[in-house]
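Quick note, the sequences are listed as chains A and B, same order. Residue 1 is where the first sequence starts when you use UniProt numbering, and the numbers rise one by one after that. Residue 1 is where the second sequence starts when you use UniProt numbering, and the numbers rise one by one after that.
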Amino acid sequence: MRAYVSVFRLRLANGLQYRSAALAGIATQFFWGFIIIMVFQAFYAQAQSPPPLSLSLSQLITYVWLQQAFLSFIMLWFRDNELFQLITSGNIAYELCRPNGIYGFWYAKLLAQRLASAALRCFPILVVALFLPQPYRLVTPADPATFLLFVVTLTLGLLILVSISMLIYISTFITMSAAGSLLMFGVLGEFLAGVVIPIPLMPSWLKSIVYVLPFRLTADLPFRVYSGHIPKWQALELIPLQLLWLAALIGFGKYAMGKALRRVVVQGG
Amino acid sequence: MITVSGISKSFKVAQRTSGVKSAVKALFRREYTEVAALNDISFSIAPGEIIGYIGPNGAGKSTTIKVMSGILVPDRGSCSIMGYTPWLDRVAYVKNIGVVFGQRSQLWWDVPVIDSFELLRDIYDVPQPEYESNLKLLTETLDLENIIRTPVRQLSLGQRMRCEIAASLLHSPSILFLDEPTIGLDAVSKIAVRQFITRINKEKGVTVILTTHDMNDIEALANRILLIGKGSLLFDGDLNSLRDKYADDSRTGVSSIEEIVVRMYEEYQIS
Numbered sequence: 001m002r003a004y005v006s007v008f009r010l011r012l013a014n015g016l017q018y019r020s021a022a023l024a025g026i027a028t029q030f031f032w033g034f035i036i037i038m039v040f041q042a043f044y045a046q047a048q049s050p051p052p053l054s055l056s057l058s059q060l061i062t063y064v065w066l067q068q069a070f071l072s073f074i075m076l077w078f079r080d081n082e083l084f085q086l087i088t089s090g091n092i093a094y095e096l097c098r099p100n101g102i103y104g105f106w107y108a109k110l111l112a113q114r115l116a117s118a119a120l121r122c123f124p125i126l127v128v129a130l131f132l133p134q135p136y137r138l139v140t141p142a143d144p145a146t147f148l149l150f151v152v153t154l155t156l157g158l159l160i161l162v163s164i165s166m167l168i169y170i171s172t173f174i175t176m177s178a179a180g181s182l183l184m185f186g187v188l189g190e191f192l193a194g195v196v197i198p199i200p201l202m203p204s205w206l207k208s209i210v211y212v213l214p215f216r217l218t219a220d221l222p223f224r225v226y227s228g229h230i231p232k233w234q235a236l237e238l239i240p241l242q243l244l245w246l247a248a249l250i251g252f253g254k255y256a257m258g259k260a261l262r263r264v265v266v267q268g269g
Numbered sequence: 001m002i003t004v005s006g007i008s009k010s011f012k013v014a015q016r017t018s019g020v021k022s023a024v025k026a027l028f029r030r031e032y033t034e035v036a037a038l039n040d041i042s043f044s045i046a047p048g049e050i051i052g053y054i055g056p057n058g059a060g061k062s063t064t065i066k067v068m069s070g071i072l073v074p075d076r077g078s079c080s081i082m083g084y085t086p087w088l089d090r091v092a093y094v095k096n097i098g099v100v101f102g103q104r105s106q107l108w109w110d111v112p113v114i115d116s117f118e119l120l121r122d123i124y125d126v127p128q129p130e131y132e133s134n135l136k137l138l139t140e141t142l143d144l145e146n147i148i149r150t151p152v153r154q155l156s157l158g159q160r161m162r163c164e165i166a167a168s169l170l171h172s173p174s175i176l177f178l179d180e181p182t183i184g185l186d187a188v189s190k191i192a193v194r195q196f197i198t199r200i201n202k203e204k205g206v207t208v209i210l211t212t213h214d215m216n217d218i219e220a221l222a223n224r225i226l227l228i229g230k231g232s233l234l235f236d237g238d239l240n241s242l243r244d245k246y247a248d249d250s251r252t253g254v255s256s257i258e259e260i261v262v263r264m265y266e267e268y269q270i271s
């Protein structure tokens with residue numbers, strides 16, 4: 001356990017040293033956030049008659065700002081190139097002569113990387129978004145319980161996301177190139193998580209697909225809990241589902257990794 | 001302490017001739033050749049030995065090291081090291097070994113060396129007093145005092161290699177595998193590394209298995225030599241018996257170890 005905590009700490013410390021990357025990231029996220037909000041604003045304004053949309057504009061804006069602030073919690077393309085290099089260059093040889101499971105070790109590494117990135121970026125974005133003029137303002141949650149549920153679902157969502165992203169790394173053992181998996185997981189996963197179009201705005205047939213998959217538990221669920229679009233009782237019901245998916249994804253990832261390691265070939269020298 | 005018997009390992013290698021035509025053909029049917037990297041290798045090693053494991057490029061040296069350190073699973077054969085089978089009891093077994101791959105790095109690139117060391121301390125669960133005394137010994141003998149707080153990316157190759165070796169010994173392993181530890185090092189660093197290996201072998205009784213192409217390493221360190229060529233073990237004995245067998249006194253008086261090895265490669269037709 002000490003090893004996992006230690007790699008977590010080192011990765012966190014490592015990630016916190018990239019200040020200019022964080023500043024650039026914050027600027028990009030504001031720019032991006034405004035564009036998306038303006039697009040949706042136009043979309044809502046043009047809707048004929050009172051829009052039959054269940055998500056209000058202010059809830060949508062909250063959704064977008066949370067997305068931007070916690071980008072590194074929800075994006076599958078956010079990756080650790082070191083791990084890919086480790087696999088394709090054969091440096092994995094060293095990881096294999098350590099007395100711990102690689103799955104847990106990498107999981108801790110990836111989690112720390114996302115946390116470090118979020119720690120640097122989320123607060124400035126959240127603070128500024130809270131003081132923006134209407135209608136661009138990020139609203140505060142209705143009550144402390146809602147906020148607490150948001151924190152719980154966001155944390156579990158992050159854990160689920162990392163376990164999904166582990167599958168990308170494991171697939172690299174077989175394909176030897178990260179590009180394909182990253183693109184597939186990235187595009188599909190983010191769409192199904194409601195990062196491109198918020199899930200309440202999707203047609204109902206698509207919703208029924210999205211709701212059986214784990215992706216939307218990473219981003220859509222916590223953000224809608226925050227804005228109150230998903231009521232508290234429903235959030236409480238969905239937390240066990242998150243736990244279930246988390247256990248299933250980790251179980252599958254460990255199994256697949258064990259398989260991949262049995263047939264690993266360390267090439268050259 | 002180490003018994004390897006009948007280890008074989010082969011790799012599938014995709015093959016095609018040059019040109020677009022054969023590339024197109026390879027889209028539909030790919031031809032593989034089985035390359036036997038290791039073929040029925042057996043030997044045993046007693047505690048406290050320093051073994052020089054030599055052979056031409058591609059002979060299977062690194063593959064043997066990888067099998068013995070639990071990274072690769074051999075196709076056939078068995079291996080027992082301190083009572084463990086490396087690839088089956090990987091996690092329990094690797095606590096007892098240290099490995100240095102001269103062509104790879106285990107240190108974190110962007111952080112000072114000491115951070116990597118502390119991570120390794122936690123990975124191997126080394127008690128703090130033991131870690132400190134090991135670190136002290138290693139910094140003194142490998143002369144790391146001035147470089148340990150520098151980020152790895154700013155170290156020279158020789159400095160980095162000394163740190164790599166130190167990193168492999170923080171958990172006081174009883175077996176040390178060194179895969180080309182002196183590759184690319186200047187004379188000063190080479191000698192420092194050699195002296196260090198002798199010292200930990202004498203003082204701590206660490207068993208050392210060393211692969212190298214630098215015959216001076218072998219001369220300075222190894223009390224026993226294993227020669228491998230084309231995946232088979234060809235010679236097992238000490239340096240003197242090797243000299244007796246292949247030295248060509250009639251011409252040059254005393255042959256250098258390099259010449260002896262070349263002659264040996266020629267005899268076995270593995271060069």
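The beta carbon of each residue, even a glycine, is placed where N, CA and C say it ideally should be.
Name, please, each residue of chain B whose Cβ falls closer than 7 Å to the Cβ of residue i.
i                 : result
Cys122 of chain A : Result: empty, since nearest Cβ-Cβ is about 23 Å, beyond 7 Å.
Arg216 of chain A : What Arg216 of chain A touches in chain B: nothing, since even the nearest Cβ is about 35 Å away.
Arg3 of chain A   : As written in the sequence, residue 3 of chain A is Ala, which differs from the Arg given in the question. Correct list: Asp122, Ile123.
Arg262 of chain A : Val73
Would you kindly report the start and end of the unbroken beta strand (DSSP E) that includes residue i?
i                 : result
Arg224 of chain B : 224-229
Asn39 of chain B  : 31-45
Val261 of chain B : It is not in any beta strand (DSSP E) - Val261 of chain B instead sits in the alpha helix (DSSP H) that spans 257-268.
Ala116 of chain A : It is not in any beta strand (DSSP E) - Ala116 of chain A instead sits in the alpha helix (DSSP H) that spans 102-130.
Val4 of chain B   : 2-15
Arg76 of chain B  : 76-81
Closer than 9 Å by beta-carbon distance: list the chain A residues that pair up with residue i, in chain order.
i                 : result
Ser105 of chain B : Asn91, Tyr94
Val91 of chain B  : Arg98, Pro99, Asn100, Gly101
Ile97 of chain B  : Cys97
Go to residue i, then tell me how far its alpha helix (DSSP H) extends in each direction, as first and last residue.
i                 : result
Gln159 of chain B : 157-167
Gly253 of chain A : 232-262
Lys25 of chain B  : 20-28
Leu234 of chain B : First-last for Leu234 of chain B: 232-237, but that is the beta strand (DSSP E), not the alpha helix (DSSP H).
Ser56 of chain A  : Premise fails: Ser56 of chain A is in no alpha helix (DSSP H) and is neither H nor E.
Thr88 of chain A  : 81-89
Arg98 of chain A  : Here Arg98 of chain A belongs to no alpha helix (DSSP H), and DSSP marks it neither H nor E.
Ile97 of chain B  : Here Ile97 of chain B belongs to no alpha helix (DSSP H); instead the beta strand (DSSP E) covers 97-101.
Gly25 of chain A  : 19-46
Ile74 of chain A  : 71-74
Ile218 of chain B : 215-221
Ile65 of chain B  : 61-68
Give me the chain A residues within the contact set of residue i, using Cβ-Cβ distance strictly less than 7 Å, ordered along the chain.
i                      : result
residue 342 of chain B : Because chain B in this structure spans residues 1 to 271, residue 342 of chain B falls outside the shown range and cannot be described.
Leu119 of chain B      : Ser6, Val7, Leu10
Tyr124 of chain B      : Pro99
Ser69 of chain B       : Cys97
Lys230 of chain B      : Simply none; closest approach about 18 Å.
Buried or exposed, going by whether 16 or more other CB atoms sit within 10 Å of the CB of residue i?
i                 : result
Gly229 of chain B : buried
Gly268 of chain A : Bear in mind that the predicted position of Gly268 of chain A carries a pLDDT of just 48, short of 50, making it too unreliable to give a figure here.
Val195 of chain A : buried
Gly184 of chain B : exposed
Pro135 of chain A : exposed
Asn146 of chain B : exposed
Thr62 of chain A  : buried
Gly253 of chain A : buried
Tyr4 of chain A   : buried
Arg30 of chain B  : exposed
Gln85 of chain A  : exposed
Gln234 of chain A : exposed
Glu118 of chain B : buried
Could you pull out every residue in the same chain whose Cβ sits closer than 6 Å to the Cβ of residue i, ignoring the five residues on either side in sequence?
i                 : result
Ala36 of chain B  : Ser10, Gly231
Ser189 of chain B : Gly158
I want to verify the contact list: residues of chain B whose CB lies under 9 Å from the CB of residue i, in sequence order.
i                : result
Asn14 of chain A : Trp108, Asp110, Val111, Asp115
Please list, in chain order, all residues of the same chain as residue i whose beta carbon is under 7 Å from its beta carbon, the five residues on each side excluded.
i                 : result
Ile257 of chain B : Met215, Ile218, Glu219
Phe43 of chain B  : Val4, Leu226, Leu233, Asp236
Pro151 of chain B : Asp110, Val111, Pro112
What residues in its chain sit with their C-beta under 8 Å from that of residue i, if we drop five residues either side in the sequence?
i                 : result
Lys109 of chain A : Val7, Phe8, Arg11, Asp80, Leu83
Does residue i get closer than 8 Å to chain D when you measure Cβ to Cβ?
i                : result
Val94 of chain B : Within the model displayed, chain D is absent; protein chains A and B are what it includes.
Original post:
Residue ranges of each alpha helix (DSSP H) run of no fewer than 4 residues wholly in the stretch 148-214 of chain A, ordered along the chain?
Top reply: 178-192, 204-212
Subject >> Complete runs of the beta strand (DSSP E) confined to the stretch 105-139 of chain B [at least 3 residues] >> reply: none
**OP:** Can you check the stretch 161-211 of chain B for any alpha helix (DSSP H) of at least 4 residues that lies completely inside it and give the ranges in chain order?
**Re:** 187-204
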